[in-house]
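Peer 1: Before I ask anything, here is the structure I am working with.
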């Protein structure tokens, strides 16, 4: 049995998978925010609940909104800031009493979809989260590509490429650079762009409803979003040339993206052909926690 934990800023979730990938158990609890020790205890509780319910013990993989530094072994770049600077793998191994494998949550999405999802069987999968934030993970032969410095797939921290004159230098971001993909290609960025144009903050689905009804401002905001996301994906295509792009997060539910992105990418692709598929994550919100379990594949 494989156990996976998705440690998020608002909830910590566990899943138990059979060796064939069938779901045996699932449970979530609220994240004890700003309480590192409380989070460790929450993970221990969830593991105990899963193993009691299934009468089995399992390997444990963990997806986090950050990564472990290969140099220090400590968590870095986590927006759940109370885990930064902590030896999370060692602390969990002490609490749980077994080895733990940890990856960035976007890498877990990539592993999940490469194993038995939208990228199953593909050699290289670039999985992109376009939700509250915007990040990505890379799976090669269904294994997470962490990189030499633990920053493999940190695509969201890059400035949107081929900036247009009216975009330069771009908005500030928590990352410390202007005009980054995380700020402009996330669902949050989509909403803030609309607010900047209208003074009204709407949810993404509300903006899309206006766009579908012919509203010119919503249409302009959507087209600008597609352009920025397309340029960002084209950069990945030129550098990584993955076999498939997989989209997850709330914005991935906009069906128009799968038709509109490929032609918007083509002008920026350094090739005479481009037919890489862009697919919606099969496992949706479950991809991260499933991918954590598959870290022991």
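Numbering (the numbering used here), first residue to last: 12 to 308.
Where is the CB? At the ideal position from N, CA and C, for every residue including glycine.
As the structure is a prediction and not an experimental result, all values here were calculated from the model.
#1: Relative to the C-alpha of residue 39, which residue among 208, 59 and 177 is closest?
#2: Three-state secondary structure (DSSP) at residue 115?
#3: Provide the residue(s) that pair with residue 38 in DSSP beta bridges, ordered along the chain.
#4: Since residue 235 and residue 276 are thought to touch, with beta carbons under 8 Å apart, how far apart are those beta carbons, to the nearest angstrom?
#5: Grouping DSSP H, G and I as helix and E and B as strand, with all else coil, what is residue 367?
#6: With a cut-off of 8 Å on the beta carbons, I'd call residue 258 and residue 291 a contact; round off their distance for me.
#7: Taking residue 175 as the reference, which of 190, 29, 145 and 167 has the closest Cα?
#8: With DSSP as the reference, identify every bridge partner of residue 18, one or two as the case may be.
#9: Taking the C-alpha atoms as reference points, what is the distance between residue 83 and residue 154?
#10: I'd like the ranges of any alpha helix (DSSP H) spanning at least 4 consecutive residues and lying wholly in the segment 186-227.
#11: Grab me the residues of residue 194's own chain with a C-beta within less than 6 Å of its C-beta, minus the 5 sequence neighbours each way, in chain order.
#12: Are residue 254 and residue 106 closer than 9 Å when you measure CB to CB?
#13: One question on the structure: do residue 246 and residue 172 come within less than 9 Å of each other, judged by their Cβ atoms?
#14: If you draw a straight line from the alpha carbon of residue 303 to that of residue 14, how long is it in whole angstroms?
#15: For the beta strand (DSSP E) that contains residue 150, what are its first and last residues?
#16: Does residue 101 come out as helix, strand or coil in the three-state DSSP assignment?
#17: On a CA-only basis, which of 89, 133, 67 and 50 is nearest residue 102? Give me that one, please.
#18: Given a cut-off of 9 Å, decide if residue 53 and residue 27 are closer than it, judged by their beta-carbon atoms.
#19: Do the CB positions of residue 70 and residue 110 come within less than 9 Å of each other?
#20: Suppose you measure from the CA of residue 233 to the CA of residue 300; what does that come to, to the nearest Å?
#21: Please classify residue 144 as buried or exposed, where buried requires at least 16 neighbouring CB atoms within 10 angstroms.
#22: Decide if the segment 110-121 is in contact with the segment 65-81; the criterion is three or more beta carbon pairs, one per stretch, under 8 Å apart.
Peer 2: Checking against the coordinates, here is how it stands:
#1: 59
#2: strand
#3: 25
#4: Going by Cβ atoms, the distance from residue 235 to residue 276 rounds to 15 Å, so no, they are not a contact pair.
#5: Since the first residue shown for the chain is 12 and the last is 308, residue 367 is missing from the structure and cannot be characterised.
#6: 6 Å
#7: 190
#8: 23
#9: 23 Å
#10: 192-195, 198-209 and 215-223
#11: 182, 184 and 200
#12: no
#13: yes
#14: 8 Å
#15: 145-151
#16: helix
#17: 50
#18: no
#19: yes
#20: 30 Å
#21: buried
#22: yes
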